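Numbering of the sequence shown is given in the numbering used here, commencing with residue 1 and proceeding in unit increments.
Below is one structure, written out as structure tokens, with a few remarks after it.
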Amino acid sequence: MRPTGRLHLGNYVGALQNWVKLQDSYECFFFVADWHALTTDFDETSRLADNTLEVVLDYLAAGLDPEKCTIFVQSHVLQHAELHVLFSMITPLSWLERVPSYKEQQQNLPNKDLHMYGFLGYPLLQAADILIYRPRFVPVGEDQSAHVELTREVARRFNGFYGLKGKTIFPEPEALLTPSPKLLGTDKRKMSKSYGNTILLSDDAGTVEEKIKNSVTDRPKLIDRGSPDRCPVGNLHQIFSDRERLAHITEGCTQASITCVECKALAVESVNAHLTPIRERRHALAQNPGKLRQTIQHGAQKAIAAAEETMTAARHAIGLLRLGAVEDLAAKEESISVLRVPASIADAKNDDERWELQTAEWLDRVNKTYPLKKDRPRTFITRRGRKVGLYAAEEKNGAWKFQLEDRPVNVLVLLAQDEDRYLRDYVLPPKVIQDHWKKFARNNGSVEVVLKRAANGVSLALPEDEPSIQQYAGDYSALQ
Ligand code: SF4
């Protein structure tokens, strides 16, 4: 909800009351959308902080329980803004321009200049607000299902661009259509703050009484018959009165057997009975600002933890630089794939000499970041004690045959020299060795590993499968 003021009964019966029920069946995230308030009220922010706190109080007073759900303020979780930026890079303008509320709002608020980037982009911010928690459902009224549809489209587009190997980063959420009975305001129009016809969740008993007593009804004259469906007071009975009382006033209204004054007095009673505990909770909470602060802070922490997990996956999927990857990438920069083996290799007298010429510069470069200690011929030890086997082979007919010693190592480095004497290195990590070691061909006490060119780069030639090993080219993380 946007913090444009205290919440009224329309907000309560249209959403909040339902949220209170949902928190028992789902893991829920509820927030106060203070950035969204700026999309229309950017020029008047003097009450923004106060209103934000009022809405938090309304949430808690109405029964949202921070032990059962996560309650926070949008601007306290910066990841929402970060995801919004990323989405804004991939979303066509036309998607936003066709959102119905974009034009409607501009027409409804003719005195406001809404030709702002933030206003056009608010459905995208909303998409970020939703998708950052990778939810299954979004509880919305029917009028908001267009927004959920846009959110699904954005998720699909992001997954299409950046989904790793078909993996979905953002599952498409479904709209959980919630019963949201319409509530008429005291002047018989839709209850809305901008019409000044609201009853607030936090109004005291006297104010509720006064507002209901002054409310327009459906029976201009005492002898007229009316309908509770068309009357603001009748609406209140439908939501807040018990069945018996509702039947009583429905009959009295449609038969003109009770007066509107009587009916209103009963409505005051029903509404106040419902609001009294809410008011009391609100009062108690407002008396304890330390606890309130703690609740808001704790909610933000929980939300940040969940949002950051999503952002880590999203950043990685896009390929933004992670701090932890700097060393690997710097080493990759110096990847031996740009190295050439000296021409003197043609004069090598035996395998050992050929191996020396092929591996010398690679070892030199890698040793700067990942020192390797010599163990046995063609075997090294990393800083952490991992055994690394280092082998080289020349390309023949689009394939490289490596003759390995039949002793398993933890990491296998294969230097594939092409016909122009350029080298490409494949650093196979322990998991890959474990998976494939037994499948390599055995011959006279040595193990033969064959690489061959394939459509997607280079693959291991194995009996049942031919896994691509392109991903290990120049990746030295297994040498750490
Ligand atoms: S009797 Fe009650 S429901 Fe009917 S018009 Fe009067 S106030 Fe409204």
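Ideal Cβ positions, reconstructed from N, Cα and C, are used throughout, including at glycine.
From a predicted model like this one, the values you see are computed outputs, not experimental measurements.
Sequence-distant partners of N214 (beyond 5 residues in either direction) whose C-beta falls short of 7 Å from its own C-beta, in its chain, are T186.
Just measuring C-alpha positions, the residue of P220, L83, V208 sitting nearest A267 is V208. Take I249, set aside five residues on each side of it, and the residues of its chain with a beta-carbon closer than 6 Å to its own are H237, C263, in chain order. Under the three-state reduction of DSSP, R225 is assigned to coil, being neither helix nor strand. As the crow flies, the alpha-carbon of K112 is around 24 Å from that of S75.
A direct Cα-Cα distance of roughly 37 Å separates K401 from L323. DSSP, read as helix, strand or coil, puts S446 in strand.
Per DSSP, Y133 lies in no beta strand (DSSP E) segment and is marked neither H nor E. Residue nearest to V13 within the set L38, H36, D58 is D58 (criterion: CA-CA distance). Between V366 and L414 the beta-carbon gap is near 14 Å, outside 8 Å, which marks them as no contact. By DSSP's assignment, L451 forms a beta bridge with W400, L460. Secondary structure at L177: strand, using DSSP grouped into helix, strand and coil. Cβ neighbours of A256 within its own chain (closer than 8 Å, five residues either side excluded): R219, L222, I223, D224, R225, G226. As summarised for the region 181 to 233, the continuous alpha helix (DSSP H) elements at least 4 residues long and confined to that stretch are 205 to 213, given in chain order.
One residue after another in chain order, those with a Cβ under 5 Å from a heavy atom of the ligand SF4 are T217, D218, R219, G226, P228, C231, V233, G234, C253, C260, C263. DSSP, reduced to helix, strand and coil, places H8 within a strand of the structure shown. The region 136 to 155 makes no contact with the region 113 to 120: fewer than 3 CB pairs, one atom from each, lie closer than 8 Å. The straight-line gap separating the alpha-carbon atoms of P342 and A454 is approximately 27 Å. In the DSSP assignment, A416 falls within the beta strand (DSSP E) that extends over 411 to 417.
I304 and N11 have their alpha carbons spaced roughly 26 Å apart. L183 is the residue among A128, V261, Y195, L183 whose C-alpha sits nearest the C-alpha of D229. I381: member of the beta strand (DSSP E) spanning 379 to 381, first to last residue.
Nearest Cα to P277 within the set V55, K21, M1, A61: A61. Apart from the 5 residues on each side of it in sequence, E464 sits with its Cβ closer than 8 Å to the Cβ of K439 in its chain, given in chain order.
One Cα belongs to A81, the other to F119, and the distance between them is close to 14 Å. Inter-residue distance for H283 and L201 is about 12 Å (C-alpha atoms, whole angstroms).
Burial state of M311 is buried, judged by a 10 Å Cβ sphere holding 16 or more other Cβ atoms. Excluding the 5 residues flanking it on each side, D65 has same chain C-beta neighbours closer than 7 Å at Q23, in chain order. Shortest Cα-Cα distance from R421 to any of A273, S344, K374, D364 involves S344. L246 sits in a helix when the DSSP states are folded into three classes.
With respect to the C-alpha of I130, the residue from Q107, R98, I90, E172 having the closest C-alpha is E172.
Separation of F170 and V140 (C-alpha to C-alpha, rounded to the nearest whole angstrom) is 19 Å. Here the alpha carbons of G160 and Y472 stand approximately 24 Å from one another. DSSP places D475 in no beta strand (DSSP E); its state is neither H nor E. A straight line joining the alpha-carbon of F30 with that of N51 spans about 16 Å.
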